[in-house]
Amino acid sequence: MTTLSDLEAQIAALEARLGQTTGLVSEFDSELSGLSRNLVFTGREVQSLSRNFSTGLRRAFDGVVFDGLRMQDALRGLARTISGSVYNTTMRPVQNAFGSLLAQGVAGAMGAIMPFAQGGAFGAGRVMPFAKGGVISQATAFPMRGGIGLMGEAGSEAILPLARGPDGSLGVRANSGRAPVNVTVNITTPDVAGFERSQSQIAAQMARLLAQGNRNR
67 MTTLSDLEAQ IAALEARLGQ TTGLVSEFDS ELSGLSRNLV FTGREVQSLS RNFSTGLRRA
127 FDGVVFDGLR MQDALRGLAR TISGSVYNTT MRPVQNAFGS LLAQGVAGAM GAIMPFAQGG
187 AFGAGRVMPF AKGGVISQAT AFPMRGGIGL MGEAGSEAIL PLARGPDGSL GVRANSGRAP
247 VNVTVNITTP DVAGFERSQS QIAAQMARLL AQGNRNR
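Residue numbers (the numbering used here): 67 to 283.
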C-alpha cells in the first residue's frame, strides 16, 4: 500500500525530472539557432526538420518523465535524432545530383543498345535533329528532367513532325509522293469563233476527265 510519504517522494522525483527538462529545452533552442546560422534550406525542408525535431523532443520528454531515463540518455537520443535529420536534409541535393547523372548515363547506354529504327533522336544526352521523323521499333529509353522516359515499350511508335496547312490548321502532313500531271491539248479548228464559245464546256469536260483519272490511279 502506498503511503502519503511514498507519494510525496514520487512527486518530488517527478518535479526534479521536470526541472531537468529546462536544460534540455535550452540545448534544443541552441541547436536550432546554430542550424539557422549555418544552413539555408527551403521551406519544405525546414518543415521536415521541425517535425523531426519535435518528434525527437517529445520522445526525450516521454523517456525522462514516464520511463525514468537519465537526462544524459535522453539528450543523447535527441542528439542522434537531430543529427540524422540534418544529415538527411543536407545530403538530399547531393543524392538528387548523383541520381540525375546516373539516369543520363543509363539512358545513353540503353540508347546505344536499342537505337531508333531510322536514326537516333538522342545522342550523348543531347537532342539531335530529327526533322523528318522516324519509327521506334522497340523499347527505347531517353533522359528527362528528374528521371528516364521510355517509348516504344508497347510496340512500334512513330515520330511525326507537324506542319501548318494553307488554312492555318496544324497537323501531320500527308505526302502522296505522286508527280504532278501536266496535260497539253492541241486544238486545230477552222471555226475560231465557235471554239471560243465552247471553251467553258471543253474546260469542264477536261476537269472531269482529270478527276476521274486521279481516282483510278
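Where a beta carbon is used, it is the ideal one built from N, C-alpha and C, also for glycine.
Q) The beta strand (DSSP E) with R211 in it runs from where to where? A) Segment: none, R211 is in no beta strand (DSSP E) and carries neither H nor E.
Q | Through-space distance from R230 to A270, alpha-carbon basis | A | 31 angstroms
Q. If you draw a straight line from the alpha carbon of I268 to that of V238, how long is it in whole angstroms?
A. 37 angstroms
Q: Following the continuous alpha helix (DSSP H) through G260, name the residue where it begins and the one where it ends.
A: V258 to R263
Q. To which residues of the same chain is L226 closer than 6 angstroms at the C-beta, ignoring the five residues directly before and after it?
A. G199 and V238
Q) Would the beta-carbon of V258 fall within 8 angstroms of that of A224? A) no
Q) DSSP state of L275, grouped into three classes? A) helix
Q: List the endpoints of the continuous beta strand (DSSP E) containing E223.
A: E223 to I225
Q.
Less than 8 angstroms between the beta carbons of A205 and G215, yes or no?
A. no
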